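Down below is the structure, laid out as structure tokens.
Numbering (the numbering used here), first residue to last: 1354 to 1446.
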């Protein structure tokens, strides 16, 4: 008799000590939901996708790292332009 292959209860576990090798996998997993990051064998951090984090804790004063700021500001700018154009199209109708 062969055992059923049940899906794992937990997703892949990540350790901060090996983060440089697993960063991309961690980001992909965090897009699907909160992901735990261990340090010294204990859960020390919860990694959330930015969209989910903004819903849970909206804070316009949050600081961005120097490397991600230009890309994030560009994204916010284009989102604002798209929203403004959509509102203008509704007003014209």
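Even for Gly, the Cβ is constructed at its ideal location relative to N, Cα and C.
Note that the structure is a prediction, hence the values are computed from the model and not measured.
Could you tell me the boundaries of the alpha helix (DSSP H) in which residue 1401 lies? Taken as a continuous stretch (DSSP letters only), residue 1401 belongs to no alpha helix (DSSP H), as it is neither H nor E.
Which residues in the same chain have their Cβ closer than 6 Å to the Cβ of residue 1388, if we skip the five residues on either side of it in sequence? 1382, 1400
Quick test of your reading: residue 1391 and residue 1366, contact by CB under 8 Å. State the CB separation rounded to the nearest angstrom. With 8 Å as the limit, residue 1391 and residue 1366 qualify as a contact, their Cβ atoms being about 6 Å apart.
From 1404, 1437, 1445, 1443, pick the residue whose C-alpha is nearest to that of residue 1425; which is it? Comparing Cα positions, the closest option is 1404.
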